[in-house]
Amino acid sequence: MARVISRTRAMCSPGKYIQGRGELGNLPGFLSGLGDRALILIDPLLYKNFQDRLAQIFEGNDLNLVFVKFQGEISTNEIKRVGEVGAKENCDIVVGIGGGKTIDTAKAVADGIRSPVIIVPTAASTDAPCSSLAVVYTDEGVYSEVIRYKRNPDIVLVDSDIVSKAPVRLLVAGMGDALATFFEARANQDSDAANFVGAGYRRTLSGMAVARLCYDILLEDGVKAKLAVQRGACTEAVENIIEANTLLSGLGFENCGCAAAHGIHDGLTALEQTHGMYHGEKVAFGTICQLVLENRPMKEIQQVLGFCKSVGLPMVLADLGLADVGQEELMAVAEKSIASESTIHAEPFEVTKNMVYDAMVTADSLGKAYKDTL
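To convert, take the position in the sequence shown, counting from 1, and add 42; that gives this note's numbering.
Structure follows, in structure tokens:
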């Protein structure tokens, strides 16, 4: 990762962030004046339900809706396919409804047709909704690249009723993604690495404060929110975790930067066994690995392990479906983790593949030891 040359600091954010129960019903008002024809990209598992709901919500509205079902993977081919629909239908607004991959595809398509983009996450499973970045994979689900766009979403609209009714595993995965935010921000601060704003600048004080707040909220409200969602409830703790997973983590990572946790996540995608795991689940284990890599105090590592245990995030390789992997496979993960464009190079020291391998197996042992003491 590039180090900051100038002392210019910068921060970015979505144009508007709205979160509350029943907010999907207000979508027509938020779209008013932005355009006349909206491409609505919807997660495949939610397509029929949301197509029917939106047709009802927009009844009597002058805005024309073009519904497109997302195919499940954000790849160059999928971005091209959806973009061609948008261009052919003369769409001048893009709305992305679903999880992180649907959302990132919507950003890419909006950039291609030069339109505003409105993001409606259906789960608090990643910090993708607020950012100007899209993580692109191959058609087979292997990490390919991160693309930076010139603008953040115009509006992020979070309906807490919808998000709190999503499977609890998605909320927990979002906590795993958010868990890395403060630790990666700290690594970037230590190395004075460039953030993701434009070509990259120094982080702002507000960015670091948001990253720290994100971690504090996870520790305070994570377990309460998980238990509430398991019972179908949307409490204040749930609202706080939705905000932490979505807004605070999004602002924190984009304005402060990522580091080893996400670099190791990208490496883990090299193993097919991990493709059934959510992004945040792999990031959570990557966070433990990062703390080992940085040789952080045992008290801090135990706090993170305790949080992972309390909400059900992966603590050991077996939790990621990697119980039987050998050295050669883990070395392949390590090799991909240190690719030239990897965020792992934001760490304040040079990272080699042997160091990553050693951090992964040590993190695995620490997780096992922590489990054995309970």
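Even for Gly, the Cβ is constructed at its ideal location relative to N, Cα and C. Owing to the predicted nature of the structure, the values given are computational and were not obtained by experimental measurement.
For residue i, collect the residues of the same chain with a Cβ closer than 8 Å to its Cβ; drop the 5 residues on either side in sequence, then sort them by chain order.
| i | result |
| --- | --- |
| Q113 | P86, E120 and R123 |
| K418 | There is simply no residue 418 to check, as the chain begins at 43 and stops at 416 in what is shown. |
| L347 | I330, M357, L408, G409 and Y412 |
Could you tell me the boundaries of the alpha helix (DSSP H) in which residue i lies?
| i | result |
| --- | --- |
| I82 | Not the alpha helix (DSSP H): I82 falls in the beta strand (DSSP E), residues R79 to I84. |
| S379 | Q369 to S379 |
| I145 | G142 to I155 |
| A279 | E278 to E285 |
| G64 | First-last for G64: undefined, no H or E at that position. |
| S202 | S202 to S206 |
Give me the residue from the options with the minimum Cα distance to residue i.
| i | options | result |
| --- | --- | --- |
| L261 | E101, A220 and S384 | A220 |
| G140 | K111, Q272 and Y59 | K111 |
| G318 | G64, V184, A80 and L83 | V184 |
| G322 | L313, Q315, D308 and Q93 | D308 |
| V137 | S117, V108, A129 and A165 | V108 |
| M357 | Q315, I47, A405 and G154 | A405 |
| I259 | L289, G240 and G274 | L289 |
| Y257 | C350, R245 and S186 | C350 |
| L96 | T118, R193, A150 and L73 | L73 |
| S248 | C54, T316, R49 and I47 | C54 |
| L269 | P209, N194 and I82 | P209 |
| A52 | I284, V271 and E296 | E296 |
| A38 | T246, S202 and L355 | The question about residue 38 has no answer, for the chain in this structure spans 43 to 416. |
Looking only at its own chain, which residues have a Cβ that is under 7 Å from the Cβ of residue i, when we skip the five neighbours before and after it?
| i | result |
| --- | --- |
| G67 | I99 |
| N132 | R79 |
| T180 | S117 and S186 |
Tell me which residues share the same chain as residue i and place their Cβ nearer than 6 Å to its Cβ, disregarding the 5 neighbours each side in the sequence.
| i | result |
| --- | --- |
| R211 | none |
| G299 | N230, A235, N237 and A388 |
| A360 | none |
| C276 | S202 and S206 |
Helix, strand or coil for residue i? Go by DSSP, reduced to three states.
| i | result |
| --- | --- |
| F225 | helix |
| Y243 | coil |
| F460 | Absent from the structure is residue 460, since the part of the chain shown begins at 43 and ends at 416. |
| A176 | strand |
| S74 | coil |
| G249 | helix |
| S48 | coil |
| R95 | helix |
Taking just the CA atoms, how far does residue j sit from residue i?
| i | j | result |
| --- | --- | --- |
| E281 | R254 | 18 Å |
| Q344 | K90 | 44 Å |
| L213 | S291 | 13 Å |
| V188 | A365 | 29 Å |
| E377 | E182 | 19 Å |
| A166 | S206 | 8 Å |
| S233 | A148 | 33 Å |
| V325 | I155 | 32 Å |
| G62 | P163 | 12 Å |
| E383 | A176 | 15 Å |
| L76 | A241 | 28 Å |
| G57 | G305 | 28 Å |
Is there a Cβ from chain C that is less than 8 Å from the Cβ of residue i?
| i | result |
| --- | --- |
| N282 | Absent from the structure is chain C; it holds one protein chain and no more. |
Output the boundary residues of the beta strand (DSSP E) element that contains residue i.
| i | result |
| --- | --- |
| V393 | From DSSP, V393 is part of no beta strand (DSSP E); its letter is neither H nor E. |
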